[in-house]
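Number 135 in my numbering belongs to position 135 of the sequence shown; there are no gaps in the numbering.
Heads up, the thing below is written out as structure tokens.
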Amino acid sequence: MHSDIQDVFTQLHIDIARNSTDDFNLFHDPHKWQRIKDNPFGGPISLGFQLESLIEGRIARLRASREETDVIEQHGLHFSNYQFTFANVVKPGQILQVEIKDSQFKTEPEPVLSNRIVVKADGNLALMGYKKETAEPLFLPNPNLARIGELKIQPDRCFLPNGFFLKRKFMMTSNAKNFLCASLRDQTEYFDELQDKVKFPEMFPCALLSSALLEKALKWLHDFERNPMVYTSHKISIDRRLLAQLRSNDALHILIKPAQDCAAHDFGDLKATPLDYECYGLFGSDNLVLFRASISLTPLELITKAVQK
């Protein structure tokens with residue numbers, strides 16, 4: 001097992017991460033976390049995507065040190081797939097340890113390069129899952145884009161005729177740099193104005209999902225203080241070929257809707273049960289699918305009740 005160096009998120013790192021992604025979740029705010037009903041965490045917590053970005057950087061370092069990028073290119077493994085389950089929160093000041101098991105490469109039935117991952121905070125399990133490099137995305141089929149028209153002319157934060165909520169974001173290198181710094185990563189590996197280098201990291205556009213989900217909840221008049229929701233799992237597939245085409249100021253259209261087999265309610269229900277969302281990030285005039293993600297949330301109340309039993 002490969003055990004990475006120990007790192008620490010401070011509140012400043014958390015603030016930079018939430019500011020760079022427009023995440024206004026009360027859980028991350030150093031003042032507003034106290035407004036959350038029955039908040040068991042005793043303070044602000046780090047962002048899930050911030051932690052996943054840290055993992056992305058650690059795996060990229062591992063890939064480069066073992067020349068695994070050659071395997072990825074040789075077999076056309078253009079998709080990065082992340083699947084994580086959140087076991088506990090990460091608080092400012094806790095020592096993080098990212099443990100990455102040795103890479104496994106299989107050619108049958110399809111070529112795949114994979115690593116199991118465990119993240120601990122102060123020695124306690126915080127997250128577990130894997131990253132897999134594949135030739136096709138592992139999660140979600142292509143979205144049904146019938147009857148949506150041109151996304152660039154649709155109003156921001158609207159519900160489309162096919163049921164998707166649309167949130168429009170713009171890819172800004174300044175925000176991506178800050179997000180990298182907030183994730184304890186070196187921004188110069190991705191951006192250098194003197195060399196005209198622009199390379200958005202994989203997790204940054206995906207991290208904009210949080211603000212999109214929050215804005216969708218606002219549309220449903222969700223009470224973030226009385227009925228807080230927390231992530232339980234992320235399943236994300238990213239097309240690295242399209243990621244390499246992204247440039248500053250490119251519009252990213254984020255589409256969100258409840259999963260087909262999800263409970264028939266949304267954030268507006270104070271008695272909400274766990275929720276699964278189908279999410280897509282599209283860009284370009286052809287609505288190319290940059291990423292697809294299955295995001296699972298659950299009311300904080302259900303978690304606290306389960307812990308108390």
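For glycine and all other residues, C-beta sits at the position ideal for the given N, C-alpha and C.
For residue i, is the classification buried or exposed, using 16 other Cβ atoms within 10 angstroms of its Cβ as the cut-off for buried?
i           : result
residue 232 : buried
residue 216 : buried
residue 166 : buried
residue 188 : exposed
residue 153 : exposed
residue 90  : buried
residue 10  : exposed
residue 150 : exposed
residue 212 : buried
residue 155 : exposed
residue 40  : exposed
Throw me the rounded Cβ distance for the residue i and residue j pair, which I believe falls under 8 Å.
i           : j           : result
residue 235 : residue 294 : 4 Å
residue 183 : residue 17  : 7 Å
residue 131 : residue 59  : 6 Å
Excluding the 5 residues preceding and the 5 following residue i in the sequence, name in chain order all residues of the same chain whose CB lies nearer than 6 Å to its CB.
i           : result
residue 259 : 276, 278
residue 300 : 228, 230
residue 160 : 148, 166
residue 190 : 199, 201
residue 246 : 171, 200
residue 250 : 171, 283
residue 7   : 96, 184
residue 75  : 111
Measure the alpha-carbon distance for residue i versus residue j and round it to whole angstroms.
i           : j           : result
residue 62  : residue 30  : 34 Å
residue 181 : residue 50  : 10 Å
residue 133 : residue 194 : 31 Å
residue 68  : residue 158 : 42 Å
residue 170 : residue 129 : 29 Å
residue 118 : residue 298 : 22 Å
residue 92  : residue 186 : 20 Å
residue 173 : residue 257 : 28 Å
residue 168 : residue 243 : 17 Å
residue 254 : residue 209 : 7 Å
residue 142 : residue 289 : 8 Å
residue 238 : residue 87  : 23 Å
Looking only at its own chain, which residues have a Cβ that is under 8 Å from the Cβ of residue i, when we skip the five neighbours before and after it?
i           : result
residue 120 : 96, 97, 99, 126
Under 7 Å Cβ to Cβ from residue i, same chain only, skipping five residues before and after it: list those, please.
i           : result
residue 77  : 111, 113, 133, 134, 135
residue 179 : 17, 20, 21, 53, 204, 207
Check whether the Cβ of residue i lies closer than 9 Å to any Cβ atom in chain C.
i           : result
residue 225 : Judged by its chain identifiers, the structure shown contains no chain C, having just a single protein chain.
Residue ranges of each beta strand (DSSP E) run of no fewer than 3 residues wholly in the region 70 to 98, ordered along the chain?
-> Within the region 70 to 98, the complete beta strand (DSSP E) runs of at least 3 residues are 79 to 86.
Can you list, in chain order, the stretches of the beta strand (DSSP E) that have 3 or more residues and sit fully within the region 101 to 147?
-> You should have 104 to 106, 112 to 121, 124 to 134.
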